[in-house]
Amino acid sequence: FIYSSDLKRAVNTAMETAKYFPNAPFYQDKRLQERYFGSYQWKQFPENRRDLVLPLDAETDKQLIERVKSFYDEIVKKHTNSNLLIVSHGVTLRTFIAVIKGLPSIDMVESFENGSIAQIYIDENSLIQQINRNLLKHL
57 FIYSSDLKRA
67 VNTAMETAKY
77 FPNAPFYQDK
87 RLQERYFGSY
97 QWKQFPENRR
107 DLVLPLDAET
117 DKQLIERVKS
127 FYDEIVKKHT
137 NSNLLIVSHG
147 VTLRTFIAVI
157 KGLPSIDMVE
167 SFENGSIAQI
177 YIDENSLIQQ
187 INRNLLKHL
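Under my numbering, think of the first position of the sequence shown as 57, with each following residue one higher.
Spelled out as structure tokens, the structure:
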């Protein structure tokens, strides 16, 4: 199963990857979109984004966590003992790991390298067994 953000660059990446898994069902899901930055959307960000103060009209951490958690809860129910490919965006993927680990803050998860792959192994009790992150051999 392949799940992708419905934003163009994620869909393009997922479609390229899907060539190697021609029989895998492909789904686009808005819940995998990148964080909505409100009035900062489409503007230049500072080098160190961790120091960025979000505008009042941006998606809050709580809203982002709720959105990603709803996706996670759904796929855990649907795909027991399955392999999934999820193509998304950095902050959303950090949120995904925070949700899986039950962490209270996205900031507790290190950033991903751009274009990197993370492998997450989850057991039948929805517990993380292993995370391999920032895999870059494919680049």
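We put the CB at the ideal spot given by N, CA and C, even for glycine.
- At least 9 Å separates the beta-carbon of PHE57 from that of MET71.
- For TYR83, the beta-bridge partners assigned by DSSP are TYR59.
- With a cut-off of 8 Å on Cβ pairs, the region 74-90 is in contact with the region 133-146, counting three or more such pairs.
- In the structure shown, the three-state DSSP call for VAL143 is strand.
- Under the three-state reduction of DSSP, GLN119 is assigned to helix.
- Per DSSP, the beta-bridge partners of GLN175 are ASN188.
- The C-alpha of ILE187 is placed about 12 Å away from the C-alpha of GLU166.
- Relative to the Cα of GLU115, the nearest Cα in the group ALA154, TYR96, TYR128 and ILE131 belongs to TYR96.
- ASP62 has its alpha-carbon roughly 24 Å from the corresponding atom of TYR177.
- THR148 sits buried, since 16 or more C-beta atoms from the chains shown fall within 10 Å of its C-beta.
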